Amino acid sequence: MGLLEDIKAKAAARKKTIVLCEGEDKRVVEAAAKITAEGIAKIVLIGNAEECAKVAPGVDLTGITLIDPLTSDKTKEYAKILYEARKAKGMTEEQAAEQAKDRTMFGALMLKAGDVDGYVSGACHSTANTLRPGLQVVKTAPGIKTVSSCFIMIAPKDENKYNPDGVAVFADCAINIEPDAQQLADIAVSSAKTARDIAGIEPRVAMLSFSTKGSGNDDKFFKSVPKMQEATALAKAMAPDLALDGEFQFDAAVAPEVGQLKAPGSKVAGHANVFVFPNINAGNIGYKIAQRFGGYMAIGPVCQGFARPLNDLSRGCNVEDIVATVAVTALQAE
Ligand SMILES: CC(C)(COP(=O)(O)OP(=O)(O)OC[C@H]1O[C@@H](n2cnc3c(N)ncnc32)[C@H](O)[C@@H]1OP(=O)(O)O)[C@@H](O)C(=O)NCCC(=O)NCCS
């Protein structure tokens, strides 16, 4: 069974309830029906029956719970939760009452209230609009200050010389633009959790750079080498039992002969399967190189570090992408 099928099967066994916020989108309605028919999760779809019938005529909505913030008797309760979460930031009760009717905010409030186990949106909203409600009300997991994202990278064939697991985790390729050392440490610890929980591998985390153990420096420019060294130390302090090391060039991270030469004694050098990039440019370019030149399949971005699981879809997603994201979200749920 491939990893994606495995994720869907594990999700189905967990019977979690996931909210899909965009009942106005044909792909989302179709995915809701498919997920329900295949038993991958229980779906709450934000929207109403007339609208769904209009955008996705003929789709069977049996078993899907539809909820419309404009008519729901929950909206007032959620507005109170929103007001309590944001009053210190200057939100008034009137503003909370208005914002709770927004579908993505309503979905995030359902998650915060514990009425669903996970949240998926973003088929027709930007990343910022999809994640902001979560950042504002769901907030981060204990011990983590940074929400981040990763891609689960599946090798084109099971065996790969530099990736014997056949799967790797790349982070952060989609959220944090220029993370500082503490944010990089949070990304490393969260990515190790995703590697275990979703990719099903025992993480060996490499903090990536153009330098290996001080071989290069950029003191006159961005000081990214000392930043990665500091991030490595912080991540080790956060998760002392985690196999994590750096800073490494990519070849020192994955090729045993290079790792041994450049970082003798490191348990991670030459054997890494989780890769933390120094910034979003490196991460985003890196995962796309693996996809296009290396033939890897990318699952994600998978959001990590939230107190409860929220995930963002690409606006170019198809029905299968939504199904996969719901399955991943169900596995992230407690
Ligand atoms: C994640 C992102 C969407 C947040 O943007 P934003 O909504 O403008 O964020 P804000 O700066 O207004 O912050 C909103 C709140 O979230 C918090 N926050 C923002 N980013 C956070 C993060 N990564 N982790 C934890 N909290 C975060 C802020 O501290 C703030 O909290 P507060 O209002 O309680 O003080 C933004 O970092 C982003 O746009 N990243 C790049 C996304 C992108 O273009 N990706 C390309 C796709 S491949």
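For the sequence shown, our numbering assigns the number -4 to the initial residue and increments by one for each residue that follows. Cβ atoms here follow ideal geometry from the backbone N, Cα and C, with glycine treated the same way. Since the model is a prediction, treat every value here as computed from it, not as a measurement.
Query: Backbone secondary structure at V133 - three-state DSSP; Result: helix
Query: Touch test, the region 196 to 207 against the region 245 to 264, Cβ-Cβ under 8 Å, three pairs minimum; Result: yes
Query: contact_flag[the region 276 to 293, the region 164 to 171] where n(CB pairs < 8 Å) is 3 or more; Result: yes
Query: Those residues which DSSP pairs with A293 across a bridge; Result: M148
Query: Cβ neighbours of E25 in the same chain (closer than 7 Å, five flanking residues each side left out); Result: A51, V54 and V314
Query: Closer than 7 Å: R127 CB and nearest ligand 1 heavy atom; Result: yes
Query: A169 Cβ short of 7 Å to ligand 1 heavy atom set; Result: yes
Query: Those runs of the beta strand (DSSP E) which lie wholly inside the region 138 to 195 and span at least 3 residues; Result: 143 to 149 and 162 to 166
Query: Proximity below 8 Å, CB of Q299 to CB of S185; Result: yes
Query: A264 beta carbon near ligand 1 (any heavy atom closer than 7 Å); Result: no
Query: From N274, E197, I170 and A180, residue whose alpha carbon lies closest to that of F217; Result: N274
Query: Three-state class that DSSP yields for L308 in the structure shown; Result: coil
Query: Ligand 1 heavy atom lying under 7 Å from the CB of L229; Result: no
Query: Cβ pair V297, V200 closer than 8 Å; Result: no
Query: Separation of A103 from N124, as counted between CA atoms; Result: 12 Å
Query: Own chain partners of A27 with C-beta closer than 7 Å, once the 5 adjacent residues on each side are dropped; Result: L15, I38, L40 and I59
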